[in-house]
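One structure below.
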Amino acid sequence: MNQEALTKQDRMRIELAVKKISWTLDGRVPRARKRQVLNELRSNLTEAAQHVGAEQAVHQLGDLKALSNSYLELYRSPFDLRAGAFWAFIAYAAIQLLGLALFFAFRAGAVAGGAHGASYSFEIWPGFGPFAGKVSQGGSTNTFEVLFGSPAHLLIVALAFAIGSTYRGLRARRRTQTSR
Amino acid sequence: MPEDGVHDSQLLKGVLSLALMRLLADRESYGYELVTRLHDLGLTEVQDGSVYPALGRLERDGHVTSRLVASTSGAARKYYRLSTTGYAALAHIERAWQSLVRALEPILSKPVPAKPEEALP
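From first to last, the protein sequence lines stand for chains A and B. In this text, residue positions in the first sequence follow the working numbering: the first is 1, and each later residue adds one. In this text, residue positions in the second sequence follow the working numbering: the first is 1001, and each later residue adds one.
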């Protein structure tokens, strides 16, 4: 069997396997290293496919998740950008939920206090808080504002990113050192 | 229980690096070629997916060096060869392996009894 014998479907099958590995390594392995690993894998898969067919070549790799994890264990970078992005998003979402809860609490308080035809505003941390609320009760209009881009807001998200991106790498390295 | 000719995957995993280093001591090879060389030796249970990261580990530890060679089949092949450190490590591991085999020989050469002996008082 030679190179010409590989059909488009064969090449797609190989590429799909490579992409699956790539997905796990994305943001966790330095880009240059990832490219080297995937190029070598693609080369070996192509070679194998010419001898045993693409389907068997991919099958011979075994569990792709286990293979990805082996590469990850070998080449993991100190920063896991995907984990960082995940925790930054979680922190962002938590702040939004907190903002929503504060809005409801503030509105309930304003209504319970018999407020009407006036505006009320608050900040958790004056000049630095991520939240600034304002309720205008001119009969039926209530508004609430959240300062999405406040320094505190950005600081919390950045902290979540920094901790999230390094924590797993540190833990993995410690585990590797312990097992040696 | 493994049948004759079928090798225990955990045992194979333990000696995979040794086998790869020994093969590379003979001549330089690329990943898939090493897989076929292992299969030709009867180690057909060895999966490609365990050989490629094992080569990466050997390279990380400095036991092998690599070079890229253009291939007619597409992407360049990555050829591995044993480094000077690798030859020294291989000699050491081979001695350790032979020592282990000698230590186990008296136990494993005896026929397996049908049931455990009764403990003597």
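For each residue, glycine too, the CB sits at the ideal point set by N, CA and C.
| Check | Outcome |
| --- | --- |
| Using 8 Å as the threshold, is the segment 1007–1026 of chain B in touch with the segment 30–41 of chain A, meaning 3 or more CB pairs across them? | no |
| Report all residues from its chain with a CB closer than 6 Å to the CB of residue 168 (chain A); omit the five preceding and five following residues, and keep chain order. | 80 and 83 |
| What does the alpha-carbon distance come out to for the pair residue 1054 (chain B) and residue 99 (chain A)? | 50 Å |
| Could you check how far apart the C-beta atoms of residue 1076 (chain B) and residue 46 (chain A) are, in whole angstroms? I think they sit under 8 Å. | Not really, about 11 Å apart at Cβ, beyond 8 Å. |
| Hey, is the segment 46–59 of chain A in contact with the segment 7–17 of chain A, meaning 3+ C-beta pairs nearer than 8 Å? | yes |
| Going by C-alpha distance, which of B:1112, B:1042 and B:1060 is nearest residue 1085 (chain B)? | B:1060 |
| Measure the Cβ-Cβ separation of residue 181 (chain A) and residue 77 (chain A) and say whether it is below 8 Å. | In this structure chain A extends from 1 to 180, so residue 181 (chain A) is not present and cannot be described. |
| Quick one: give me the first and last residue of the alpha helix (DSSP H) that residue 1099 (chain B) is part of. | 1084–1108 |
| Buried or exposed, going by whether 16 or more other CB atoms sit within 10 Å of the CB of residue 1101 (chain B)? | exposed |
| When the Cα of residue 85 (chain A) is compared with those of A:105, A:158 and A:74, which residue comes out closest? | A:158 |
| Name the residue from A:62, A:164, A:71 and A:171 whose alpha carbon lies nearest to the alpha carbon of residue 1057 (chain B). | A:71 |
| Do you know whose CA, among B:1027, B:1039, B:1026 and B:1034, lies nearest residue 1007 (chain B)'s CA? | B:1039 |
| Give the residues of chain B in contact with residue 56 (chain A), contact being defined as C-beta atoms less than 8 Å apart. | Here the premise fails: no neighbours, minimum Cβ distance about 10 Å. |
| Only counting the same chain, and skipping five residues up and downstream in sequence, which positions put a Cβ closer than 7 Å to that of residue 1034 (chain B)? | 1020, 1023 and 1051 |
| Just to confirm, is the Cβ distance from residue 44 (chain A) to residue 1079 (chain B) under 8 Å? | no |
| Work out the CA separation of residue 1098 (chain B) and residue 1091 (chain B) for me, nearest whole Å. | 11 Å |
| By the 10 Å Cβ neighbour count, where 16 or more other Cβ atoms means buried, how is residue 104 (chain A) classified, buried or exposed? | exposed |
| Tell me, please, whether the CB atom of residue 67 (chain A) is closer than 8 Å to any CB atom in chain B? | yes |
| So, residue 160 (chain A) versus residue 87 (chain A), is the Cβ gap smaller than 8 Å? | yes |
| What is the C-beta distance between residue 1049 (chain B) and residue 66 (chain A), in whole angstroms, given that I count them as a contact (C-beta under 8 Å)? | 7 Å |
| Name the one or two DSSP bridge partners that residue 1065 (chain B) has. | B:1081 |
| According to DSSP, residue 1029 (chain B) sits in a beta bridge with which residue or residues? | B:1080 |
| Can you give me the C-alpha to C-alpha distance between residue 162 (chain A) and residue 154 (chain A), rounded to a whole angstrom? | 12 Å |
| So what does DSSP say about residue 1017 (chain B), is it helix, strand or coil? | helix |
| Nearest-angstrom Cα distance between residue 61 (chain A) and residue 1017 (chain B)? | 17 Å |
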